[in-house]
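**Q** Please see the structure below; I have some questions.
Numbering (the numbering used here), first residue to last: 0 to 592.
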């Protein structure tokens, strides 16, 4: 379940922010103290109840409260009576403080409800009330039985009240989320993890520990015999001591026979860990808490690479403050690659001063934050016509000045740093070498860097071509196709050419034989693992290789595999077009004068 837009009232420096639309990777840029982190902190308040008196907007009046409203969209179908007028799950969390200073939290949901006081709030009530609605509407129904669920009953109410019309209403959500989860197996609220710039990567934090909780849980399940024995021993010891207490108590309660304790062990909450590091040149382990901030940031890079490899069904949302801090530009790119990979099934909210992160963000997901009279304002492509110019000026994003080098006769734009290595390797393996007069630049077509570099190409009359993945087979292929059509029009408008890989993405060009050689004797690739043209190879590798084998094998941008592949395997893995392949055709197009 993905965040569609965010509205905030009276939170920190935000007086009233309405319907800020967001995407997969969102960058917030602006000067220091402009309020870039407000959105990330608001999400932490909404999902994790992290809220203090310091989070209240200073100009709030006595009759106002802090409100954070998030609208979610989901690919699965949900009954319309649970959704707002635009078909979104609409949740509002309200924060205030009682006269005694105690934090008061309330959760509401809005829905496009039946326009009647007699039949309303179907998703926020219990089954008995739903049955009462059906009886009042004189609808025949079964209270229980095969196929009888609250969904089926609500659908009956929905169908039989169409003549009453619909109107937007708001209700307390005490039962709403529980009912959705009970009726829809796929429904689950996302997890939100905030990586605070001030706290670096806190190993002891709930956000970090939770990611590894399934490992501890599985270990406890594997050792259930030991945990059962411990529970039995504790029970026996308690009974022994309470038998003594019973004898003392009998002096005042003669008919008392026994005091029996009942042991309840919550093993899942007992496991917590810290990390120490052992270096080859050192004798002793070093607690990571004793290492510098820069080293903790390196752990964050590895942590996100780990998450990118991990198979998880739960949708995750991450807030990261200034991820570039203490990181070398090359490591910034490594972290960015992991974020982009994870964003296929997660969302990111990033505050940054870095051209690396802001430049790699789609223009539609860049938010410029400005503060006026102590109030933060948020500008994006919807309310700022020249958002790219503002971002470029704000962060000082510069073009790739290698374009000015006359030794380069053509620029090749690709979607990411992995694509740069892919095409360099393709040239070397298929043509024997990579030409010195070709410059490959990574920057997605909707990213700020592309517009900066393409504008320079046009200005200096430098030829350029944009190579895209086809993305065929992707769940969101239709929307990507629309984006591609828009991008191709922009490329042609700027005087460039374009071409498209015929397979889904570069991972579909892996050779299975080369993969087996890289893995070696540790694991035999199963026959059901097939590298199709349009399948999600990264997920297939997780399913057919990583899960059954436990191997540490990189699913995305695995250049050990591409290095291992022979020229013949490169051509066999390519998409055949008549007498040639797509890779050979694109290489020839790049080499054209």
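Every residue gets a Cβ at the ideal spot worked out from N, C-alpha and C, and that includes glycine.
#1: Helix, strand or coil for residue 389? Go by DSSP, reduced to three states.
#2: Count the other CB atoms within 10 Å of the CB of residue 172; is the residue buried (16 or more) or exposed (fewer)?
#3: Between which two residues does the alpha helix (DSSP H) carrying residue 70 extend?
#4: How about residue 72 and residue 1: are their beta carbons less than 8 Å apart?
#5: Give the single residue among 178, 152, 557, 263 whose Cα lies nearest to the Cα of residue 517.
#6: To which residues of the same chain is residue 149 closer than 8 Å at the C-beta, ignoring the five residues directly before and after it?
#7: Under the assumption that residue 570 contacts residue 429 (Cβ atoms under 8 Å), give the Cβ distance between them as a whole number of angstroms.
#8: If you reduce the DSSP assignment to three classes, tell me which class residue 410 lands in.
#9: Here's a check: name, in chain order, each residue in its chain whose Cβ is nearer than 6 Å to the Cβ of residue 643, leaving out the five neighbours to either side.
#10: Taking the CB atoms as reference points, tell me whether residue 349 and residue 367 lie closer together than 8 Å.
#11: Leaving aside the five residues before and after residue 135 along the sequence, list all residues of the same chain whose C-beta is less than 7 Å from its C-beta, in chain order.
#12: Kindly list the residues whose CB is nearer than 6 Å to the CB of residue 18, restricted to its own chain and excluding five residues on each side of it in sequence; keep chain order.
#13: In terms of residues, what are the limits of the beta strand (DSSP E) holding residue 639?
#14: So the alpha helix (DSSP H) residue 482 belongs to, where does it begin and stop?
#15: Quick test of your reading: residue 336 and residue 417, contact by CB under 8 Å. State the CB separation rounded to the nearest angstrom.
#16: Under a three-way DSSP split, which group does residue 170 fall into?
#17: Roughly how far, in whole angstroms, is the beta-carbon of residue 637 from the beta-carbon of residue 459, given that I think they are within contact range, below 8 Å?
#18: Who are the Cβ neighbours of residue 54 in its own chain at under 8 Å, not counting the five residues just before and after it?
#19: Would you say the region 470-482 touches the region 431-439, given that touching needs at least three Cβ pairs under 8 Å?
#20: Assuming contact is defined by CB atoms lying nearer than 8 Å, are residue 469 and residue 23 in contact in what I supplied?
#21: In whole angstroms, what is the alpha-carbon distance linking residue 583 and residue 457?
#22: Could you give the C-beta distance for residue 184 and residue 79, rounded to a whole number, given that I count them as a contact under 8 Å?
#23: Going straight from the alpha carbon of residue 301 to that of residue 30, what length do you get?
#24: Closest by CA to residue 83, which one among 75, 76, 70?
#25: Can you tell me where the alpha helix (DSSP H) with residue 581 in it begins and where it stops?
#26: Could you tell me which of 502, 36, 481, 538 sits nearest to residue 195, measuring between CA atoms?
#27: Please report the straight-line C-alpha distance between residue 522 and residue 552, rounded to a whole angstrom.
#28: Expressed to the nearest angstrom, what Euclidean distance is found between the alpha-carbon atoms of residue 287 and residue 370?
#29: Exposed or buried, what is residue 102 when buried is set at 16 or more other beta-carbons lying within 10 Å of its beta-carbon?
#30: Based on the DSSP secondary-structure assignment, which residues constitute the bridge partners of residue 89?
#31: Roughly how far, in whole angstroms, is the beta-carbon of residue 532 from the beta-carbon of residue 507, given that I think they are within contact range, below 8 Å?
#32: Is residue 199 helix, strand or coil when you go by DSSP?
#33: How should residue 228 be labelled, buried or exposed, when 16 other C-beta atoms within 10 angstroms of its C-beta is the threshold for buried?
#34: For residue 544 and residue 568, I'd like the C-alpha separation in whole angstroms.
#35: Since residue 593 and residue 402 should fall inside the 8 Å C-beta cutoff, what is the C-beta to C-beta distance between them, to a whole number of angstroms?
#36: Here's the rule I'm using: 16 or more other beta-carbon atoms within 10 Å means buried, otherwise exposed. How should residue 110 be labelled?
**A** By the coordinates alone:
#1: For the purposes of this step, residue 389 is taken as the residue at position 390 of the chain shown. Residue 389: helix per DSSP, three-state reduction.
#2: Position 173 of the chain shown, counted from the first residue, corresponds to residue 172. Buried, because 16 or more other Cβ atoms sit within 10 Å of the Cβ of residue 172.
#3: Here residue 70 corresponds to residue number 71 of the chain shown, with the count starting at 1. Per DSSP, residue 70 belongs to no alpha helix (DSSP H); it is in the beta strand (DSSP E), 65-72.
#4: Here residue 72 refers to the residue found at position 73 of the chain shown. Here residue 1 refers to the residue found at position 2 of the chain shown. Contact flag set, yes.
#5: For the purposes of this step, residue 517 is identified with residue 518 of the chain shown, where counting begins at 1. Among 178, 152, 557, 263, the Cα nearest to that of residue 517 is on 557.
#6: Within the chain shown, numbered from 1, the residue matching residue 149 stands at position 150. Hits under 8 Å: 126, 129, 178, 181, 182.
#7: Residue mapping note: residue 570 aligns to position 571 of the chain shown, counting from 1. Residue mapping note: residue 429 aligns to position 430 of the chain shown, counting from 1. About 7 Å separates the two Cβ atoms, so the contact holds.
#8: Within the chain shown, numbered from 1, the residue matching residue 410 stands at position 411. Reduced to three states, the DSSP call for residue 410 is strand.
#9: There is simply no residue 643 to check, as the chain begins at 0 and stops at 592 in what is shown.
#10: Looking up residue 349 in the chain shown gives position 350. Looking up residue 367 in the chain shown gives position 368. Contact: no.
#11: Here residue 135 refers to the residue found at position 136 of the chain shown. 117, listed in sequence order.
#12: If you number the chain shown from 1, residue 18 lands on position 19. For residue 18, where only same-chain residues beyond five positions count, the Cβ hits under 6 Å are 4, 6.
#13: Nothing can be reported for residue 639, as the shown portion of the chain is limited to 0 through 592.
#14: Within the chain shown, the letter at position 483 stands for residue 482. First-last of the alpha helix (DSSP H) with residue 482: 476-492.
#15: Counting from 1 along the chain shown, the entry for residue 336 is found at position 337. Counting from 1 along the chain shown, the entry for residue 417 is found at position 418. Going by Cβ atoms, the distance from residue 336 to residue 417 rounds to 7 Å, so yes, they are a contact pair.
#16: As a first step, residue 170 must be located in the chain shown, where it is residue number 171. Correct three-state label for residue 170: strand.
#17: Coverage of the chain is limited to positions 0 through 592, which leaves residue 637 absent and any answer about it impossible.
#18: Within the chain shown, numbered from 1, the residue matching residue 54 stands at position 55. 10, 11, 40, 44, 65, 94.
#19: no
#20: As a first step, residue 469 is located in the chain shown; it is residue number 470 there, counting from the start. As a first step, residue 23 is located in the chain shown; it is residue number 24 there, counting from the start. Not closer than 8 Å, so no.
#21: If you number the chain shown from 1, residue 583 lands on position 584. If you number the chain shown from 1, residue 457 lands on position 458. Distance between the alpha carbons of residue 583 and residue 457 is about 27 Å.
#22: Sequence index remark: in the chain shown, residue 184 carries index 185 (1-based). Sequence index remark: in the chain shown, residue 79 carries index 80 (1-based). With 8 Å as the limit, residue 184 and residue 79 do not qualify as a contact, their Cβ atoms being about 19 Å apart.
#23: Position 302 of the chain shown, counting from 1, holds the residue named residue 301. Position 31 of the chain shown, counting from 1, holds the residue named residue 30. The alpha-carbon atoms of residue 301 and residue 30 are separated by roughly 29 Å.
#24: The residue given as residue 83 occupies position 84 in the chain shown. That would be 70, whose Cα lies nearest to the Cα of residue 83.
#25: The residue given as residue 581 occupies position 582 in the chain shown. That run of the alpha helix (DSSP H) goes 581-590.
#26: For the purposes of this step, residue 195 is taken as residue 196 along the chain shown, with counting starting at 1. Residue 195 has its Cα closest to that of 36, out of 502, 36, 481, 538.
#27: One-based indexing of the chain shown puts residue 522 at position 523. One-based indexing of the chain shown puts residue 552 at position 553. Near 11 Å, if we compare the C-alpha coordinates of residue 552 and residue 522.
#28: Here residue 287 refers to the residue found at position 288 when the chain shown is read from its first residue. Here residue 370 refers to the residue found at position 371 when the chain shown is read from its first residue. Their backbone Cα atoms lie some 37 Å apart in a straight line.
#29: Taking the chain shown and counting its residues from 1, the one referred to as residue 102 is at position 103. Exposed is the call here.
#30: To locate residue 89, count along the chain shown from 1; it is residue 90. For residue 89, which the question treats as bridged, DSSP gives the partners 70, 109.
#31: The count along the chain shown starts at 1 and reaches residue 532 at position 533. The count along the chain shown starts at 1 and reaches residue 507 at position 508. Confirmed, about 6 Å.
#32: As a working note, residue 199 is residue 200 in the chain shown. Any reading at residue 199 needs caution, since the residue's pLDDT is 49, under 50, leaving its predicted position unreliable; the model's value is listed next. It is coil, neither helix nor strand.
#33: The sequence position of residue 228 within the chain shown is 229, counting from 1. Burial call: exposed.
#34: Along the chain shown, read from residue 1 onward, the residue named residue 544 stands at position 545. Along the chain shown, read from residue 1 onward, the residue named residue 568 stands at position 569. Their Cα atoms are separated by approximately 21 Å.
#35: This structure gives no information on residue 593, because the portion of the chain shown stretches from 0 to 592.
#36: Taking the first residue of the chain shown as position 1, residue 110 is located at position 111. With 16 or more Cβ atoms within 10 Å of its Cβ, residue 110 is classed as buried.
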